[in-house]
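Trainee: The structure under discussion is supplied below as structure tokens; questions concerning it will follow.
2 protein chains.
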Amino acid sequence: RIAEPTIERIVQYHRLLKEFLESGRTVVSSKEIGDALSFKASQVRKDLSYFGEIGKRGVGYHVDRLYNHIDQILALPKECRIALAGVGRLGEALLRHKAFRDAKYSFRALFDIDPGKIGKSFRGIPCFDLADAPKIMKRERIEVLVLTVPAETAQKAVDMATAAGTVKGILNFSPATLVLPAGVLLCSVDISLELEKLLFYLKYRENQ
Amino acid sequence: RIAEPTIERIVQYHRLLKEFLESGRTVVSSKEIGDALSFKASQVRKDLSYFGEIGKRGVGYHVDRLYNHIDQILALPKECRIALAGVGRLGEALLRHKAFRDAKYSFRALFDIDPGKIGKSFRGIPCFDLADAPKIMKRERIEVLVLTVPAETAQKAVDMATAAGTVKGILNFSPATLVLPAGVLLCSVDISLELEKLLFYLKYRENQ
Ligand SMILES: NC(=O)c1ccc[n+]([C@@H]2O[C@H](COP(=O)([O-])OP(=O)(O)OC[C@H]3O[C@@H](n4cnc5c(N)ncnc54)[C@H](O)[C@@H]3O)[C@@H](O)[C@H]2O)c1
Ligand SMILES: NC(=O)c1ccc[n+]([C@@H]2O[C@H](COP(=O)([O-])OP(=O)(O)OC[C@H]3O[C@@H](n4cnc5c(N)ncnc54)[C@H](O)[C@@H]3O)[C@@H](O)[C@H]2O)c1
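Residue numbers (our numbering), protein chains in the order written: chain Z, 1 to 208; chain R, 1 to 208.
Here it is, written out as structure tokens:
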């Protein structure tokens, strides 16, 4: 069973506590938080205790302290050192997208196997040969890899990029089943799920 | 307040009811469903009543009937007629991605303003001039638009594509604030949120 509260629930707590804070409330119970968000009070208590927030029996939590704690939890820590492998259509679209150019994402290196791309810079970020990944990942202390390579070469890219042991997490877009070293977190993204959600909501509106 | 149950909750009900069905359960209460998923029983009842499932007081719901109903709800209806505007890096990456080539997504038309793309076919789908969108959207009865154009021309693309009145929903990737005709559902996607989630989960693991 997953013990960590989902980021979605934490964002909801954050928003709700901000409202409570702004409306002048000083104390709030897990039941009140649960009622406002349709969670069970026990789920709220479990989530908050995960962050060391125990609450006072019969009283609850101090709104300002809880809000500040969650605010801190949501704040991304130091700048995160990221590399991207596969400077193709999707890779380039991500690098050019406004939100990825935010200062908190520090793209330090790109990797590709196409000689036409190796040695070039994309938005000021140098593109290296995948063969040099072990030494570059180590030199740049890269913690996160964004994987936008085709399915057939995805495992190779993962093996090369994780060889130096610096990578803690991979954001994977390729439709490949990957084998990762122990301790590396894999997050796979499938944008077609968003299309599926839209079609689902359109179906509902028709049913009304 | 959003009255529709989120697709995420419905998928959870679906999975849980399947388990109940397979373990031979015939009846289940909203409290049991809620306890298993950490939702309030009242939330479960509200969600299910949205689909016309009222349940019997003191008894609950028939597992097989409820499961079949939700199964039907989750099944995507007829093939959905889709157009994509902006055949650039992101647009092409989506068209080439395995999951978007599923038979249930019927991409009927592409639109662009680049003369080098107009008149060509991408994965067998013809690309038209955005100026012809009103007549093409009407002829092909397009219900969903995928918008992968730059922010500065996004509103123009929306205006042209919705002029014929066939579009019911837009899956928007551009970082633009859009004005839509009444009744058109807008779903905006920001892939950088996935990177943010990964960084957040990595931060947690460090805190353990
Ligand atoms: N998850 C999603 O929602 C989603 C959406 C679109 C595309 N995709 C996937 O993203 C991937 C890339 O799609 P695309 O359209 O950008 O492809 P593309 O062919 O345009 O780009 C692939 C790039 O990766 C490079 N490459 C190949 N093998 C490599 C390796 N081992 N190491 C480093 N670089 C390597 C190629 O030289 C090329 O530059 C595909 O697997 C596609 O299915 C996923
Ligand atoms: N939401 C996300 O997570 C995400 C991720 C990556 C990119 N993006 C966004 O997607 C958009 C496209 O990015 P890209 O890298 O593919 O850009 P691109 O420049 O490679 O492609 C844009 C394409 O749109 C065409 N175009 C321009 N105006 C048009 C119009 N009015 N109607 C039809 N076609 C038009 C261009 O001719 C070109 O073919 C950008 O807004 C970018 O910020 C979003």
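Glycine included, each C-beta is placed from N, C-alpha and C at the ideal position.
May I ask whether a heavy atom of ligand 1 can be found less than 7 Å away from the beta carbon of H62 (chain Z)?
Mentor: Your numbering for residue 62 (chain Z) matches position 62 in the first sequence. The answer is no for H62 (chain Z).
Trainee: Anyone know if the C-beta pair for A85 (chain R) and L145 (chain R) falls short of 8 Å?
Mentor: For the purposes of this step, residue 85 (chain R) is taken as the residue at position 85 of the second sequence. For the purposes of this step, residue 145 (chain R) is taken as the residue at position 145 of the second sequence. Yes, they are a contact pair.
Trainee: DSSP state of F200 (chain R), grouped into three classes?
Mentor: On the second sequence, position 200 is the one that residue 200 (chain R) refers to. Residue state, collapsed to three classes: helix.
Trainee: Is it right to say A161 (chain R) is buried, meaning 16 or more other beta carbons lie within 10 angstroms of its own, or is it exposed?
Mentor: The residue given as residue 161 (chain R) occupies position 161 in the second sequence. A161 (chain R) is buried by the Cβ-count criterion.
Trainee: Pick helix, strand or coil for A154 (chain Z), following the three-state DSSP scheme.
Mentor: Residue 154 (chain Z) sits at position 154 when you count from the first residue of the first sequence. In this structure, A154 (chain Z) counts as helix in the three-state DSSP scheme.
Trainee: Tell me, please, whether the region 104 to 117 of chain Z touches the region 51 to 69 of chain Z by the rule of three or more beta-carbon pairs shorter than 8 Å.
Mentor: no
Trainee: What are the start and end residues of the alpha helix (DSSP H) that includes R96 (chain R)?
Mentor: Counted from its first residue, the second sequence places residue 96 (chain R) at position 96. It spans 89 to 96 - the alpha helix (DSSP H) in which R96 (chain R) sits, taken as one unbroken run.
Trainee: What residues in its chain sit with their C-beta under 8 Å from that of S106 (chain R), if we drop five residues either side in the sequence?
Mentor: Along the second sequence, read from residue 1 onward, the residue named residue 106 (chain R) stands at position 106. E79, C80, R81, I82, listed in sequence order.
Trainee: At a cut-off of 7 Å, is D210 (chain R) close to ligand 2 when judged by its beta-carbon and the heavy atoms of the ligand?
Mentor: Look at the range of chain R in this structure, 1 to 208, and you will see that residue 210 (chain R) is not part of it.
Trainee: For L287 (chain R), I'd like the list of residues in its chain whose CB is within less than 8 Å of its CB, leaving aside the five on either flank, ordered along the chain.
Mentor: Limits of chain R in this structure are 1 at one end and 208 at the other, which puts residue 287 (chain R) out of reach.
Trainee: With DSSP as the reference, label K56 (chain R) as helix, strand or coil.
Mentor: Here residue 56 (chain R) refers to the residue found at position 56 when the second sequence is read from its first residue. It is a strand residue.
Trainee: Which residue from R:Y13, R:D47, R:R108 puts its Cα closest to that of V63 (chain R)?
Mentor: Counted from its first residue, the second sequence places residue 63 (chain R) at position 63. That would be R:Y13, whose Cα lies nearest to the Cα of V63 (chain R).
Trainee: I'd like to confirm something about G52 (chain R): is its beta-carbon nearer than 7 Å to some heavy atom of ligand 1, or not?
Mentor: Position 52 of the second sequence, counted from the start, is the residue given in the question as residue 52 (chain R). False, no ligand heavy atom lies under 7 Å from that Cβ.
Trainee: Using the C-alpha atoms, what's the distance from G24 (chain R) back to R205 (chain R)?
Mentor: As a position in the second sequence, residue 205 (chain R) is number 205, starting the count at 1. As a position in the second sequence, residue 24 (chain R) is number 24, starting the count at 1. Straight-line Cα distance between these residues: approximately 38 Å.
Trainee: Where does A103 (chain R) fall in DSSP's three states?
Mentor: Here residue 103 (chain R) is taken as the residue at index 103 of the second sequence, counted from 1. Assigned with DSSP and collapsed to three states, A103 (chain R) falls in coil, not helix or strand.
Trainee: Does the contact criterion of 3 or more C-beta pairs under 8 Å hold for the region 192 to 204 of chain Z versus the region 176 to 184 of chain Z?
Mentor: no
Trainee: If we ignore side chains and look at the alpha-carbon of each, how far apart do L195 (chain Z) and D132 (chain R) end up?
Mentor: Your numbering for residue 195 (chain Z) matches position 195 in the first sequence. Your numbering for residue 132 (chain R) matches position 132 in the second sequence. A direct Cα-Cα distance of roughly 24 Å separates L195 (chain Z) from D132 (chain R).
Trainee: I'd like to check one pair, L66 (chain R) with I191 (chain Z): are the Cβ atoms closer than 8 Å?
Mentor: Taking the first residue of the first sequence as 1, we reach residue 191 (chain Z) at position 191. Taking the first residue of the second sequence as 1, we reach residue 66 (chain R) at position 66. For I191 (chain Z) and L66 (chain R), no; Cβs fall outside 8 Å.
Trainee: I want to see whether chain R comes within less than 8 Å of I7 (chain Z), judged by CB atoms only; does it?
Mentor: If you number the first sequence from 1, residue 7 (chain Z) lands on position 7. So, interface residue.
Trainee: Return the Cβ separation of L185 (chain R) and K168 (chain R) in integer angstroms, given the expectation that the two are a contact with Cβ distance under 8 Å.
Mentor: Residue 185 (chain R) sits at position 185 when you count from the first residue of the second sequence. Residue 168 (chain R) sits at position 168 when you count from the first residue of the second sequence. Confirmed, about 7 Å.
Trainee: Just by C-beta distance, which residues in the region 92 to 116 of chain Z are closer than 9 Å to chain R?
Mentor: E92, A93, L94, R96, H97, K98, A99, F100, D102, K104, Y105
Trainee: Nearest to V87 (chain Z) by CA position, among Z:D47, Z:L130, Z:E19, is which residue?
Mentor: Here residue 87 (chain Z) corresponds to residue number 87 of the first sequence, with the count starting at 1. Cα-wise, what sits closest to V87 (chain Z) is Z:L130.
Trainee: Just to confirm my understanding: we take K120 (chain R), look at its own chain, exclude 5 residues before and 5 after, and list those with CB closer than 7 Å. What are they?
Mentor: Position 120 of the second sequence, counted from the first residue, corresponds to residue 120 (chain R). C127, listed in sequence order.
Trainee: Would the beta-carbon of T148 (chain R) be found less than 7 Å away from any heavy atom of ligand 2?
Mentor: The count along the second sequence starts at 1 and reaches residue 148 (chain R) at position 148. For ligand 2, at least one heavy atom lies less than 7 Å from the Cβ of T148 (chain R).
Trainee: Helix, strand or coil, according to DSSP, for G169 (chain R) in the structure here?
Mentor: Counting from 1 along the second sequence, the entry for residue 169 (chain R) is found at position 169. In this structure, G169 (chain R) counts as strand in the three-state DSSP scheme.
Trainee: What is the rounded straight-line gap between the Cα of E152 (chain R) and the Cα of A75 (chain R)?
Mentor: The count along the second sequence starts at 1 and reaches residue 152 (chain R) at position 152. The count along the second sequence starts at 1 and reaches residue 75 (chain R) at position 75. If I take the Cα positions, the gap works out to 36 Å.
Trainee: Would Y201 (chain Z) count as contacting chain R if we go by Cβ distances under 8 Å?
Mentor: Looking up residue 201 (chain Z) in the first sequence gives position 201. So, interface residue.
Trainee: K98 (chain R): beta carbon under 7 Å from a heavy atom of ligand 3?
Mentor: Ligands in the displayed structure: ligand 1 and ligand 2; ligand 3 is not one of them.
Trainee: Given this structure, state the Cα-to-Cα distance separating G91 (chain R) from I142 (chain R), to the nearest angstrom.
Mentor: Translated into positions along the second sequence, residue 91 (chain R) becomes position 91. Translated into positions along the second sequence, residue 142 (chain R) becomes position 142. Answer to the nearest angstrom: the Cα atoms are 17 Å apart.
Trainee: According to DSSP, is L122 (chain R) helix, strand or coil?
Mentor: If you number the second sequence from 1, residue 122 (chain R) lands on position 122. Per the sequence presented here, residue 122 (chain R) reads as Phe, with Leu not at that position. In this structure, F122 (chain R) counts as strand in the three-state DSSP scheme.
Trainee: According to DSSP, is I10 (chain R) helix, strand or coil?
Mentor: Within the second sequence, the letter at position 10 stands for residue 10 (chain R). In the three-state DSSP reduction, I10 (chain R) falls in the helix class (H, G or I).
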